[in-house]
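Presented below is the structure to which this report refers.
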Amino acid sequence: MVRTRIPPSPTGNDLHIGNLYSALINWAYARKHNGQFIVRIEDTDRTRFVQGAAEQILATLRSYGLEPDEDMIKGGPYGPYIQSQRLDLYKKYAQQLISQGDAYYCFCSEERLGELRERAKIEKRQPKYDRHCLKMSAQDIQDKLNENASHVIRLRIPDGSTTYKDTIRGEITIENATLDDQVLIKSDGFPTYHMAVVVDDHLMEISHVIRAEEWMASVPKHVLLYDMLKWELPIFTHLPLLRTPEKGKISKRKGAVWASWYLQEGYLSEAVLNYLALMAWSHPDQKEIFSLDEYISVFDLKDINPSAPIFDVVKLTWMNGEYIRKMDPRKLSHKLFEFYGGKYSQELIDKTIPLIQERIKTLKEYDEYCNFFVNVPTEYEIDLEKYTNVISKTNDALGQLSAWSVESIGEAMLQAAVDAGLKNSEYFMVMRVIITGKKISPPLNESMVLLGKEECIKRISRN
RNA sequence: GGCGCUAUCGUCUAACGGUUAGGACGUCAGGUUCUCAUCCUGAUAAUCGGGGUUCGAUUCCCCGUAGCGUCACCA
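Going by our numbering, the first residue of the first sequence is number 3, and it counts up by one from there.
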């Protein structure tokens, strides 16, 4: 049985785009094998905890259509799905490790640890805990515990080396000497990531651990824990880190780090997911555009590349435009209506769809094209002064029209251009700006029909 | 700095050890068009460097270089 998971921590405002990438792959892999996709909230850092972040993360995931099978809200057979409610479990296994001699109490103060680090830095050594407390007698430890002394529980890293297999990169070996005696249980009684992730992945029967490459360095610690606890290892897959065009970790740029930002900017969830799927992976037939269902059927973890791709919004925007153009007009219409929350009526949107569907690349661009339908222009992108004569002639010609259609408007205006001795391009630009305020707009005649004769005349006669 | 990972056009990527190193985005130049966009044509540009292995390396190995990750009582 395939069981995958993502373990977001509620320390930010929302789901990180990198987490969405990881979520997509975890979700798709579970779907592909008829398994389960789980979301486990890792809220063990009480100092960085953000109220409501977990709910926001789940909501964003849902808005992208990556529905978990088990999570904190929905529940499931392996709950609770939030680590702060599983404290006893971590303590229990930490105790087991202590009794086996694989872990030990440490009463060292933050100050002492800080000094240790300082000294190592000056001497250009690896900062490592010196196992000061490993030398304590059983009696001393008991005394300290009795007087409620602040303490942590540390993993006792054994000698030797640790090897694990990564799906994408193959076997990786690390000398245990490069590992520090990791804190497993913090002084506030909460586990560290390393303890919690191992215990929970085992208890929740996670078969595939698919996460970002930044975790690769700590896998040996986890492997050691699995061994000590006599648990079966999951399959490890480390995804390359997504980078910004500045080549940095994708964590700097203002909004673009958060998954919901793209939705707010008018990107379609399907397009974002499609684009993300193409990060470090390619369709076997070299296709760029494909559905989630198709992705699920052709994708495999082994085909993911190891090198870190750059997340390029320019190409995402192109892809989003492709999705918009291929979308069912009625669906697009509903999307736009929702996106604008009532600013544009469903009726108006329906009528403008044929005019803008192949012009907009994001839902947000609709506003740039169609704002003039609901707002009379207050400023004009070209100076209309010198055209007053043509304008009033056009006004008369249009006013006499009995039928208000694309054809009749077109004929009347073409004639007006000829009469005025203006080139079509120049004349129509003037009219476009009068009606819309802008040099760039949907097709003019069609727009005028939608706007109605009365409104058009009104806009023209103002000038 | 130690340890680890990585390395094909500007970007995303393709290429049983044998191809004129392919496609897509972008950019540029044309065509269509009353603007913009769409659409069509064409162009542009890459195997990080050095050694091996091999009849033959983008591909396998080593070294170097560069980038990234990681060295917390953060995840």
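In this text, a Cβ means the ideal position worked out from N, Cα and C, and glycines have one as well.
With contacts defined by Cβ atoms closer than 8 Å, methionine 3 and serine 209 form a contacting pair. In the same chain as valine 200, and ignoring 5 residues on each side of it, the C-beta atoms closer than 6 Å to its own belong to His224 and Leu227, in chain order. Taking a contact to require three or more Cβ pairs closer than 8 Å, the segment 27-40 and the segment 286-301 qualify as touching. Threonine 6 and tyrosine 346 have their C-alpha atoms roughly 42 Å apart. When DSSP assignments are scanned along the segment 81-110, the uninterrupted stretches of alpha helix (DSSP H) that are 4 or more residues long and fall wholly within it turn out to be 89-102.
About 12 Å separates the beta carbons of leucine 318 and tyrosine 23, which is beyond the 8 Å limit, so they are not a contact pair. Around alanine 279, the same chain offers Tyr297 as residues with beta carbons nearer than 6 Å, after the five sequence neighbours per side are excluded. By the C-beta density criterion, proline 308 is exposed, having fewer than 16 other C-beta atoms within 10 angstroms. DSSP places lysine 328 inside the alpha helix (DSSP H), whose first and last residues are 315-328. Every unbroken stretch of the alpha helix (DSSP H) spanning 4 or more residues and falling wholly within the segment 352-388 is given here in chain order: 367-376. DSSP, read as helix, strand or coil, puts serine 463 in helix.
Exclusion of the five residues before and after aspartate 16 leaves Gln58, Ile59, Thr62, Trp260, Ala261 and Ser262 as the residues of its chain whose Cβ lies within less than 7 Å of its Cβ. Around the Cβ of leucine 147, a 10 Å sphere holds fewer than 16 other Cβ atoms; the residue is exposed. The C-beta of glutamine 38 has 16 or more other C-beta atoms within 10 Å across all chains shown, which makes the residue buried.
Looking at Leu338, Ile462, Thr246 and Val392, the one whose alpha-carbon comes closest to that of glutamate 367 is Leu338. Burial state of glycine 268 is buried, judged by a 10 Å Cβ sphere holding 16 or more other Cβ atoms.
Contact check for isoleucine 19 against aspartate 73 fails: the beta carbons are separated by 8 Å or more. Among the bridge pairs identified by DSSP, valine 154 is matched with Cys108. Per DSSP, the continuous alpha helix (DSSP H) segment holding alanine 32 begins and ends at 19-34. In the pairwise beta carbon analysis, the segment 350-360 is classified as touching the segment 372-381: at least three pairs are separated by under 8 Å. By the beta-carbon neighbour count (other beta carbons within 10 angstroms, threshold 16), glutamine 87 is exposed.
By the Cβ rule, the segment 402-413 does not count as touching the segment 380-392, because fewer than three pairs are nearer than 8 Å.
A direct Cα-to-Cα measurement between alanine 219 and threonine 165 gives close to 12 Å.
In this model, proline 70 and tryptophan 29 are separated by some 8 Å (Cα to Cα). Nearest in C-alpha terms to arginine 171, of all of Lys304, Glu456 and His134, is Lys304. Shown here for leucine 235: same chain residues with a beta carbon closer than 8 Å to its own, the five before and five after excluded, namely Tyr166, Val225 and Tyr228 in chain order. Glutamine 184 is positioned such that its CB atom lies closer than 8 Å to that of arginine 156.
When secondary structure is reduced to three states using DSSP, glycine 401 falls in the helix class.
Relative to the Cα of isoleucine 43, the nearest Cα in the group Ile326, Gly14 and Leu26 belongs to Gly14.
Secondary structure note for leucine 68: it is in no alpha helix (DSSP H), with a DSSP letter that is neither H nor E. In this structure, phenylalanine 238 lies away from aspartate 330, with their beta-carbon atoms at least 8 Å apart. The beta carbon of phenylalanine 341 sits closer than 6 Å to the beta carbons of Leu365 from its chain, once the five residues preceding and following it are set aside; these are given in chain order. Where arginine 213 is concerned, there is no enclosing alpha helix (DSSP H), although the beta strand (DSSP E) around it starts and stops at 210-214. Residue burial is scored here from C-beta neighbours: valine 378 has fewer than 16 other C-beta atoms within 10 angstroms and is therefore classed as exposed. In the three-state reduction of the DSSP assignment, tryptophan 217 falls in the helix class. In the DSSP annotation of this structure, the continuous segment of the alpha helix (DSSP H) that includes isoleucine 298 starts and ends at 294-300.
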